[in-house]
Amino acid sequence: MIKVASYLVIVMYVTFLTILSYLDMGLFDSQN
């Protein structure tokens, strides 16, 4: 259970970072 929970947390964290980087690139594209 702990390993599964840790895996889910890592997946959610990576997805969150990917969305943040995607939004940041979109904002930069809009500004430039």
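All residue numbers for the sequence shown refer to this note's numbering, where the first residue is 497 and numbers rise by one.
In this text, a Cβ means the ideal position worked out from N, Cα and C, and glycines have one as well.
Completely contained alpha helix (DSSP H) runs for the stretch 497-528, where each covers 4 or more residues: Counting whole runs of 4 or more residues, the stretch 497-528 contains the alpha helix (DSSP H) stretches 498-527.
Alpha carbon of S517 to alpha carbon of V510, nearest angstrom: The count along the sequence shown starts at 1 and reaches residue 517 at position 21. The count along the sequence shown starts at 1 and reaches residue 510 at position 14. Going from the Cα of S517 to the Cα of V510 covers about 11 Å.
Pairwise C-alpha distance: F512 and S502: Residue mapping note: residue 502 aligns to position 6 of the sequence shown, counting from 1. Residue mapping note: residue 512 aligns to position 16 of the sequence shown, counting from 1. Going by the C-alpha atoms only, they are around 15 Å apart.
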